[in-house]
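What follows is a set of notes on a single structure, which appears directly below.
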Amino acid sequence: MTEQRIGTDEWVEQHEARLATQSELRELVYGFGEQLPLWGRLGLLLLIGLFVPVLTSNPFHIRIAATIALMATLGVGLNVVVGYAGLLDLGFVAFYGIGAYAYAYLSSDFTGVHLPTLLTIPLITVLGAVVGFLLGLPSLRLVGDYLAIVTLAFGQIFVQLMTSLTRVDLSWVPFLTTDGPVNLTRGPNGIIELDSISIFGFVADTLTENYIIRLVVLILVLLFVHHLNNSRLGRAWRAMREDELAAEAMGMPTRLLKLQAFAIGAAIAALAGTLFAAEQKAVFPANFDVTLLITLYGVVVLGGLGSLPGVLLGAVIMIAVPEILRDIELASLLFYVGSVVALIGLIKPRRLVGLLLLNVAIIGLLVQVIAESIWPDSLAELPSVASVFPEFSVSIRFVTAIIDSLPEIVTSIVRNWLAIPVGNQELIGNIALAILIVLILIASRIKQTTQLLITLVPTMYLLALVWEIRLSGQESVTRLIFVGVVLIVLMIYRPHGLLGTQRIEIV
Amino acid sequence: MSAQLELKHINKNFGGLRVINDLSFVAQPGQITSLIGPNGAGKTTLLNLISGIYQPDDGDILFDGVSIVGLEPHEITQRGIARTFQTLRLFLNMSIIENVMSASFSRAQMNLIDIVFRTPRFRREEQRLRNEAEEKLGFFGSRLVGYRFDQPAYSLSYANRRRLEIARAMMTNPKILLLDEPAAGMNPNETLEVTALIGQLRDEAGYTIILIEHDMSVVGGISDHVIVLDHGEKIAEGDFEDVVTDERVVEAYLGRKSS
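Protein chains in written order, with the numbering used here: chain A, 1 to 507; chain B, 1001 to 1259.
Take a look at the structure:
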């Protein structure tokens, strides 16, 4: 018996069609994921994660993977508070710091306490939950922006305290004999020489061992949060996020639910802090500043609030992309590919993109010819494309060599195509940048396709010129600008995050 | 027959504005008590007072003889008074079945250990609640069942959203249902259907119902008892026929006859 669909009016149909086209990426990931049971998905993640140290022995790569695992764990915790319960908590990093400092106090020569890891980890996790619960209490009456401000202040207070609690008068404490002020945190110098994690005699000294521990913890935390989300607790959190008053009126104790969300998020953060401190073998107040908070929100928002696979993807992008961009040629390749992809998204019908790129190529050659004939010897001499091309041979080695030197080849082709002046690169670059910005502003106002295409030809040329002579040289600045631009573009086209569900708010 | 819900001399002010003025009434179990009155008469405020969203300045509200003044809204709901909203307040980005299941929060017998380790008790409890939610949704015919269970609530049409809100309120296992304009924004056919449905809720499900409605065809068709409010005061009470012919009621709705 086929069930007739009732209640699908035109609007619903249109909306569903929109959803279907917008969520291709989501469908791709979820379509694959849904065929696997939960343990299968987590097992796959573990397998992929374990493969990293097999594939590469480069400590730099393993460090990136370890950072991703840690940030993903933190992101999952933040996702409980922000994504499910809808509480804008900007003090989240403080719980991470509390976990790290608690580990420092419980396993270092600074206090002389050396508890076994199997004791410290549950202890610190519970401590995180308790502190989260206590911080939640004064925040109960606050919503939205006000909660954000209060929690932000809490995060700042934590960093300040850890920096400045260096001369504390403890003489008022009974049963404690101290001579003079006590240094509680060693200030910006941090607490150093912490113990490594050791479980049943296994001591995690190396980075790889720590990475595997982080991976296992990440998977356990994912399992935990996934189960929470698919229970009465998760339903109530999401109901509260949607409409707090309605949730309360439907019998959900919203105050208690908020406290629980705070506590669980804080417990996960404290656990992550433990792993961080144990690997770094030291804690400093600067580890827990606003930069980390912003990155963390980047992870959660980029992936899509409320989506666990989204947090993983967000962590990979937010951590790996800035690292990849340290390589100038790779960054250049990404820049050009990104520009072309943006064009494909911008121009419809799409076959016009080919026409546009052809025109840009011709313009580039024309500019070079004209510049050479008017001002001879004004253009920089560059190594030819052939010089970076790998030696030809009929073997698999040739293919891998091509792939390896692809960024170099592309950069070389573009640099040979552009008319790059010999001197005054900085001045010319700045002027070109100014013109470029004006052109982009003009292009963004044009609706008619032909006019847009005509404007885009010089825009694309200048874009490449500015990148080559002005931006690509200043790697440290460009990297951040690049990440920022990627985020802006992503959030414009997918405001609900990469794997998030588009949220509808219509009364 | 003892009263299921009794309001005693309720007063409520917003700033200097007196919204509810020394109001008393009783709702008998298994009956439909309708609150009518012009816009701004204080009907929705009264519902907010009963469901604990507002606190009365003065007076007492007794539910089965016990005062519920000062309790939090979720505590009142857990005791057995559920409501719907005039302006729909669904959990729009959750699925239909989740909307309904979420309202069983306080009845779900599971603790954190059950949830995390997916114990047999957890599975049993989830299954029980899901069956119950499906049963409540089944009350509305085939509109909210089957493939619809896992669709997001925002995909529903307006009338179906109203139905879903009633189903969600039913899921809290209430004794009293407070319905705030359940027929608002519905076409004549749907209004007829809602009227029949409210009758069913009383006769088959056995709820005591307090109904706010502007549509007189709904009120007249099913009310056991009608209370007319104007400017926060009760101006008439009784059967629908008695009430609508009352001089003060006609005056409140239509104004004073010029002599």
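Glycine included, every Cβ here is placed at the ideal spot set by N, Cα and C.
{"Asked": "Whole angstroms are fine: how far does the CA of A/ALA419 sit from the CA of A/GLY364?", "Found": "7 Å"}
{"Asked": "Which residue's Cα is closest to the Cα of B/GLN1200: B/ILE1212, B/PRO1188 and B/GLY1221?", "Found": "B/GLY1221"}
{"Asked": "Is A/LEU292 a contact residue of the ligand SAM, with contact defined as CB to any heavy atom under 7 Å?", "Found": "The model depicted lacks the ligand SAM and carries no ligand whatsoever."}
{"Asked": "Please list, in chain order, all residues of the same chain as B/THR1195 whose beta carbon is under 8 Å from its beta carbon, the five residues on each side excluded.", "Found": "ALA1183, SER1217, VAL1218, GLY1221 and ILE1222"}
{"Asked": "If I measure Cβ to Cβ from A/LEU142 and keep anything under 7 Å in the same chain, skipping five residues before and after, which residues do I get?", "Found": "VAL150"}
{"Asked": "Between A/GLY144 and the rest of its own chain, which residues show a CB-CB distance below 7 Å, the 5 nearest in sequence each way excluded?", "Found": "LEU88"}
{"Asked": "Please identify, using Cβ separations under 7 Å, the residues of the stretch 212 to 246 of chain A that lie next to chain B, in order along the chain.", "Found": "PHE224, HIS227, LEU228, SER231, ARG232, LEU233, ARG235, ALA236, ARG238, ALA239, GLU242, ASP243, LEU245 and ALA246"}
{"Asked": "Can you find the residues in the same chain that come closer than 7 Å, C-beta to C-beta, to A/VAL507, ignoring five residues on each side of it along the sequence?", "Found": "Residue placement at A/VAL507 is poorly supported in this model, since its pLDDT is 47, which falls under 50; the coordinates still yield a value, given next. Nothing listed; no residue qualifies."}
{"Asked": "For a test of the three-state rule: what should DSSP assign to A/VAL283, helix, strand or coil?", "Found": "strand"}
{"Asked": "Can you give me, in chain order, the residues of the stretch 1096 to 1108 of chain B that have a beta carbon less than 7 Å from any beta carbon in chain A?", "Found": "GLU1098, MET1101, SER1102, ALA1103, PHE1105, SER1106 and ALA1108"}
{"Asked": "Check this for me: beta carbons of B/PRO1174 and B/ALA1108, under 8 Å apart or not?", "Found": "no"}
{"Asked": "To the nearest angstrom, how far is the alpha carbon of A/ALA342 from that of A/ARG255?", "Found": "45 Å"}
{"Asked": "Does any CB atom of chain B fall closer than 8 Å to the CB of A/THR2?", "Found": "Reliability fails at A/THR2, whose pLDDT of 41 lies under 50, so the model's placement of it is uncertain and the value that follows must be treated cautiously. Closer than 8 Å: no."}
{"Asked": "Assign B/ASN1131 to buried or exposed, taking buried as 16 or more other Cβ atoms, counted over all protein chains shown, within 10 Å of its Cβ.", "Found": "exposed"}
{"Asked": "Output the distance between the C-alpha atoms of A/LEU165 and A/VAL159, rounded to the nearest integer angstrom.", "Found": "10 Å"}
{"Asked": "Given a threshold of 16 other Cβ atoms within 10 Å of its Cβ, counted over all protein chains shown, does A/GLU248 qualify as buried or as exposed?", "Found": "buried"}
{"Asked": "Is there contact between the stretch 191 to 203 of chain A and the stretch 1088 to 1106 of chain B, where contact requires at least three CB pairs shorter than 8 Å?", "Found": "no"}
{"Asked": "Is A/ALA249 close to chain B, meaning its C-beta is less than 8 Å from at least one C-beta of that chain?", "Found": "yes"}
{"Asked": "Considering A/HIS227, what are the terminal residues of the beta strand (DSSP E) in which it resides?", "Found": "Careful: A/HIS227 lies outside any beta strand (DSSP E), inside the alpha helix (DSSP H) at 207 to 229."}
{"Asked": "Going by other Cβ atoms of all chains shown within 10 Å of its Cβ, with 16 needed for buried, is B/ARG1162 buried or exposed?", "Found": "buried"}
{"Asked": "Just to confirm, are A/ILE409 and A/VAL385 a CB contact at a threshold of 8 Å?", "Found": "yes"}
{"Asked": "Please tell me whether A/PRO253 has its Cβ less than 8 Å away from any Cβ of chain B.", "Found": "yes"}
{"Asked": "Excluding the 5 residues preceding and the 5 following A/THR125 in the sequence, name in chain order all residues of the same chain whose CB lies nearer than 7 Å to its CB.", "Found": "ALA267, ALA270 and LEU271"}
{"Asked": "Tell whether a beta-carbon distance below 8 Å holds between A/THR111 and A/TYR103.", "Found": "no"}
{"Asked": "With a Cβ-Cβ cutoff of 8 Å, do A/VAL283 and A/ILE191 count as a contact?", "Found": "yes"}
{"Asked": "Could you tell me whether any Cβ in chain B is nearer than 8 Å to the Cβ of A/ARG141?", "Found": "no"}
{"Asked": "Using only alpha-carbon positions, find the residue among A/LEU245, A/VAL131, A/THR177 and A/PHE51 that is nearest to B/THR1084.", "Found": "A/LEU245"}
{"Asked": "When the Cβ atoms of the stretch 390 to 405 of chain A are set against those of the stretch 485 to 498 of chain A, are three or more pairs found closer than 8 Å?", "Found": "no"}
{"Asked": "Which residue comes first and which comes last in the beta strand (DSSP E) that contains B/ALA1082?", "Found": "1081 to 1083"}
{"Asked": "Have a look at A/PRO59 and A/LEU207 and give me their C-alpha separation to the nearest angstrom.", "Found": "8 Å"}
{"Asked": "If I'm right that B/MET1171 touches B/VAL1100 with Cβ under 8 Å, what's the distance once you round it to whole angstroms?", "Found": "5 Å"}
{"Asked": "Beta-carbon within less than 8 Å of B/TYR1253's beta-carbon, same chain only, minus the 5 sequence neighbours each way: which residues are those?", "Found": "PRO1038"}
{"Asked": "Does chain A have any CB closer than 8 Å to the CB of B/PHE1149?", "Found": "no"}
{"Asked": "Going along the chain, which residues of its own chain have a beta-carbon closer than 6 Å to the beta-carbon of A/GLU3, five neighbours each way excluded?", "Found": "Low per-residue confidence applies at A/GLU3: pLDDT is 45, beneath 50, and the placement is therefore not dependable, though the value from the model is reported in the following sentence. Correct list: empty, nothing qualifies."}
{"Asked": "Tell me whether B/PHE1117 is buried or exposed, calling it buried when 16 or more other Cβ atoms sit within 10 Å of its Cβ.", "Found": "exposed"}
{"Asked": "Going by DSSP, which residues form a beta bridge with B/SER1067?", "Found": "B/LEU1062"}
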